[in-house]
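Residue numbers (the working numbering): 4 to 288.
Now the structure itself:
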């Protein structure tokens with residue numbers, strides 16, 4: 004696998020980092036810590052946010068803005084060491100029983116075992132579209148960029164600008180697509196040792212607490228939704244090229260590389276779960 008990784012140009016990663024730095028937001032301006040009784044902190048003049056979990060409580064934050072389509076980047080450094088039982092969630096979501104949601108969830112593990120990166124897409128309250136991955140690096144050793152591109156045609160999940168999943172608009176085959184409900188950005192660090200690690204067999208080791216996840220370099224090129232109006236309505240189309248963005252040939256190759264080497268679960272190939280046939284969107288993904 005290492006030989007495949009070496010084929011990704013180092014200059015590409017360096018460029019991605021520069022872009023993230025150039026457009027980084029400020030956590031004081033963009034987010035509110037919403038729960039955790041002081042376990043979530045904004046530091047370094049708004050350039051760093053940390054969430055902490057102990058035996059009493061986890062913590063979380065949400066964006067002040069709502070978005071209806073966007074390209075969202077966030078750099079995360081996950082809980083190091085024995086993180087079994089913990090979940091770091093980073094996602095977009097609307098509210099209510101028919102909500103839309105686009106999920107990254109990082110499922111902790113024992114020291115030396117890889118994190119599981121869990122992805123899901125909900126539309127009109129229906130989820131169950133899980134794909135899971137291991138990563139080709141240690142996500143606890145340094146910050147890495149986790150991105151969601153959400154436009155009317157597709158949702159693309161990326162890690163360090165490498166696409167890992169594409170969920171296409173499949174309304175043509177009767178599958179609802181997230182396009183009418185504005186969503187906020189949410190993140191939380193919480194205890195889920197009843198299911199998160201090996202189906203709940205491995206419990207959280209509270210002697211290792213507190214557990215901390217760190218965030219920096221938030222960037223949103225997005226349509227802000229406010230009072231029933233989109234900020235993109237008045238912007239020049241050239242500023243919103245991401246609204247029609249798709250994977251080029253090189254990105255398609257990187258996506259296939261990740262899915263061949265690092266995907267560990269795909270609902271679209273789970274015959275036991277879907278004995279009567281796979282969901283209709285699987286045919287176009």
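Cβ atoms here follow ideal geometry from the backbone N, Cα and C, with glycine treated the same way.
The DSSP-derived three-state label of residue 257 is helix. Within a 10 Å sphere around the beta-carbon of residue 255 sit fewer than 16 other beta-carbons, which makes this residue exposed. When the alpha-carbon of residue 173 is set against those of 131, 285, 66, the nearest one is in 285. Residue 180 has no beta-bridge partner at all, per DSSP.
Separation of residue 253 and residue 140 (C-alpha to C-alpha, rounded to the nearest whole angstrom) is 21 angstroms.
For residue 269, the three-state secondary structure derived from DSSP is strand. Your pair residue 29 and residue 49 checks out as a contact, with CB atoms roughly 4 angstroms apart and the cut at 8 angstroms. Between the alpha carbons of residue 114 and residue 197 lies a distance of about 19 angstroms. Note on the segment 134-199: whole beta strand (DSSP E) runs with a minimum of 3 residues are 134-136, 147-153, 157-162, 165-171, 187-194, in chain order. In terms of Cβ geometry, residue 55 and residue 278 do not form a close pair [threshold 8 angstroms]. When secondary structure is reduced to three states using DSSP, residue 219 falls in the strand class. Excluding its 5 nearest sequence neighbours in each direction, residue 179 has C-beta neighbours in its own chain below 6 angstroms: 126, 127, listed in chain order. Note that the C-beta distance between residue 64 and residue 36 is below 8 angstroms. Counting C-beta pairs with one atom in each stretch, the segment 254-273 and the segment 141-157 have fewer than three that are closer than 8 angstroms, which means they do not touch.
In the DSSP assignment, residue 123 falls within the unbroken beta strand (DSSP E) covering 119-125.
Taking the CA atoms as reference points, residue 34 sits about 30 angstroms from residue 117. Under the 8 angstroms Cβ criterion, the segment 178-193 counts as touching the segment 87-102, having at least three qualifying pairs. In this structure, the alpha-carbon of residue 134 lies about 24 angstroms from that of residue 145.
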